[in-house]
Each structure stands twice: as C-alpha cells, then as structure tokens.
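S.K.:
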Amino acid sequence: MSKRFWDLSSPNDMDFKRLSDRLDWSEDADNGLAENMGKLFELDRAQDREITNLRLMVEELMGELIRTGVVSEAELQARVSRRLMAEQKQTAAPSIRCASCGESTLQSETYFSSLGEVCAACFSG
Ligand SMILES: [Zn+2]
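Our numbering puts the sequence shown at residues 330 to 454.
(1) So is the beta-carbon of S429 under 7 Å away from any non-hydrogen atom of ligand 1?
(2) Tell me whether E432 counts as near ligand 1, meaning its Cβ is closer than 7 Å to at least one heavy atom of that ligand.
(3) How big is the Cα-Cα spacing for A450 and A422?
(4) Would you list, in sequence order, the uninterrupted beta strand (DSSP E) runs of no fewer than 3 residues that lie entirely inside the segment 369-431?
(5) State the beta-bridge partners of S445 as determined by DSSP.
(6) Between which two residues does the beta strand (DSSP E) carrying S433 extend?
(7) Starting from the C-beta of M391, find all residues in its chain whose C-beta is less than 7 Å away, skip the five residues before and the five after it, and write them out in chain order.
(8) Compute the Euclidean distance between the alpha carbons of Y440 and S424, then round it to the nearest angstrom.
(9) Suppose you measure from the CA of L444 to the CA of L413; what does that come to, to the nearest Å?
(10) Say yes only if the C-beta of A450 is nearer than 7 Å to one or more non-hydrogen atoms of ligand 1, and no if none qualify.
Take a look at the structure:
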C-alpha cells in the first residue's frame with residue numbers, strides 16, 4: 330500500500346524510534362548527559378510536530394463530518410468523551426487496599442510486610 334499524504338507530512342515511527350534509541354547511548358557521564366538533553370529536546374520537537382499534524386487532521390475530519398451531517402457535534406463530543414474516559418480508566422495507576430488499615434493506596438507506594446502489602450503510614454508506624 331502506498332504512503333498516504335499524512336504519513337509523509339509527519340515524523341514517522343522510525344524517527345521516534347531512532348531518536349529514543351539514541352537516548353540510551355552515552356560515552357561518559359557529562360558529555361552523555363548534555364547530549365541526551367539535546368536529543369530529548371529533539372524528540373520533544375518531533376512529537377510536538379506530530380501532535381500539531383494530528384490536531385489539524387482531526388479538526389479537518391471532525392469539521393467535515395459535522396458539516397456533511399454524518400454526525401452532530403454533540404454526538405461527536407459525547408463519543409470522544411466516552412473514549413477518553415475509558416482510556417483514562419485503563420491507564421490509571423493501579424491501587425491496592427492496605428492490608429492493615431484498608432486505605433486505598435497507589436501500588437507503587439505500598440510496602441511488603443508480614444500482613445501483605447501495606448501503605449507507607451502503616452509500614453513505618
Ligand atoms: Zn495502611
């Protein structure tokens with residue numbers, strides 16, 4: 330399948346892969362740090378261009394769908410909101426119920442004890 334115009338107008342997956350791969354590589358600490366900072370900014374600019382391109386395309390497509398009566402703006406907004414909420418729910422940090430006090434705690438902030446996973450307060454108290 331030939332490339333579509335939107336594939337040509339934005340940095341592609343390979344660009345992102347290349348930039349993020351280079352982040353891992355460093356010779357000595359100071360040079361490596363400065364170099365990695367530069368690469369991070371480069372990656373950030375590439376992602377910024379990609380987001381701008383995607384935003385323009387979405388605006389164009391949504392505008393056309395609404396103008397041609399395929400879907401109303403309210404319906405489109407409701408659908409997007411539902412998708413965003415589902416996405417946020419899926420990517421939310423997992424939480425755990427503390428085995429001691431029962432409080433809900435981010436899993437990354439729990440500690441293992443003889444009771445099981447407990448919150449920081451119960452672990453140090
Ligand atoms: Zn607790």
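Positions of the beta carbon are idealized from the N, C-alpha and C atoms, including for glycine.
M.R.: So, from the data block:
(1) yes
(2) yes
(3) 20 Å
(4) 424-426
(5) The identity of residue 445 in the sequence shown is Gly, whereas the question assumes Ser. Looking at the DSSP assignment, G445 forms a beta bridge with S442.
(6) 433-435
(7) L405
(8) 13 Å
(9) 37 Å
(10) yes
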